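Data first, discussion second: the structure below is written as structure tokens.
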Amino acid sequence: MAGRVFAFTLGFHENFAIRTLSSYSADAADSIVAFTYKPVSGAVKTAFHNLASIAARIGVGDHRLVGLDPGDGLAGMAASMLRHVGDYVKLGAYTRVVFDVTGGPKMLSLSAFIAAMLLSGIRSVEITVQSETAQEYFEKVSGTPFAMFRVSLGREKAAILRYVAEKPGSKPAAIAADMGLSPKTVYNKAGELRRLGLLYRRGRGGGLFPTSWGNLIAAYLELAEYFGGGQ
Numbered sequence: 001m002a003g004r005v006f007a008f009t010l011g012f013h014e015n016f017a018i019r020t021l022s023s024y025s026a027d028a029a030d031s032i033v034a035f036t037y038k039p040v041s042g043a044v045k046t047a048f049h050n051l052a053s054i055a056a057r058i059g060v061g062d063h064r065l066v067g068l069d070p071g072d073g074l075a076g077m078a079a080s081m082l083r084h085v086g087d088y089v090k091l092g093a094y095t096r097v098v099f100d101v102t103g104g105p106k107m108l109s110l111s112a113f114i115a116a117m118l119l120s121g122i123r124s125v126e127i128t129v130q131s132e133t134a135q136e137y138f139e140k141v142s143g144t145p146f147a148m149f150r151v152s153l154g155r156e157k158a159a160i161l162r163y164v165a166e167k168p169g170s171k172p173a174a175i176a177a178d179m180g181l182s183p184k185t186v187y188n189k190a191g192e193l194r195r196l197g198l199l200y201r202r203g204r205g206g207g208l209f210p211t212s213w214g215n216l217i218a219a220y221l222e223l224a225e226y227f228g229g230g231q
């Protein structure tokens, strides 16, 4: 039986996460990854310990706590979430990802929402949000409406963005030589990526670097290529 990945943003309370696991009838085929700020506080560690204990009782044996640096910003944290969740779905045993963005700081929840929107172009995604400490409301949204957010840069711009994300500081001439493109093509496409806010250049004639959003989209493109670009 194919499992699901439950991705939680976690603060000082775990009750909401337990309710989500219960509402989805989580079992041994599923896994849990909880995201929080680092350094991880004692209260969050306690909340995760309680969540892991309940999860183990219902058979969910794989549960991880991942600390993210708030200094990385929305895009940086979203990219980290995308990579961590992507590591699960690459295993092939998980057909759906459930993001619960209820807990933790608002910035963390927003990063998870961004990651979920991007991932919805590759795998089946659902987003849930509820009251953190009491069952006052519970909202579930499938990833289908998020198709409008799917990234379409075109083959050459996508390839250049991924190249720069892997080799920051590369100059257009070197990129052109490595990729078998004309220097003019690389200059033009890189200019378009800069206008989109995905790349920037340090100084006149300097190398190209990805912005935090560029790194996020590059992470998405790598995952999309792994799965053939779609569901």
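Read in full-length UniProt numbering, the sequence shown has 123 at position 123, and its numbers run on one by one without any break.
Backbone N, C-alpha and C fix where the C-beta goes; we use that ideal spot for every residue, glycine too.
Quick caveat, the model's predicted, so the values are computed rather than measured.
- Going by DSSP, Thr46 is part of the alpha helix (DSSP H) stretching over 42-57.
- Scanning Lys157, Ser80, Phe16, Lys106 for the CA closest to the CA of Glu192 turns up Lys157.
- The beta carbon of Met179 lies closer than 8 Å to those of Ala159, Ile160, Tyr163, Val186 in the same chain, with the five residues before and after it left out.
- For Ala29, same chain residues with a beta-carbon under 8 Å away, outside a window of 5 residues either side, are Met1, Ala2, Gly3, Arg4, Ala93 in chain order.
- Tyr37 is bridged by DSSP to Leu68.
- In this structure, the CA atom of Phe48 is about 8 Å from the CA atom of Leu10.
- Look at Gly73 here: in three-state DSSP terms it is helix.
- With 16 or more neighbouring CB atoms inside 10 Å of its own CB, Gly103 falls in the buried class.
- Beta-bridge partners assigned by DSSP to Ser170: Leu208.
- Beta bridge pairing from DSSP links Asp100 with Phe8, Thr128.
- If the five residues before and after Ala165 are omitted, its C-beta is found closer than 7 Å to the C-beta atoms of Pro210, Gly214, Asn215, Ala218, all from its own chain and listed in chain order.
- Taking Phe113 as reference, the option from Phe227, Phe8, Ala224, Glu222 with the minimal CA-CA separation is Phe8.
- No Cβ-Cβ contact shorter than 9 Å links Ala34 with Val60.
- Note on Pro105: under 16 other CB atoms within 10 angstroms of its CB, so exposed under the neighbour-count rule.
- Our two residues, Ala173 and Pro183, have alpha carbons roughly 6 Å apart in a direct line.
- Ile122 carries a coil assignment under DSSP once its states are collapsed to helix, strand and coil.
- DSSP places Arg19 in the uninterrupted alpha helix (DSSP H) bounded by 15-23.
- Ranked by how close their Cα comes to the Cα of Val101, the residues Tyr88, Ser124, Phe6, Val89 have Phe6 in first place.
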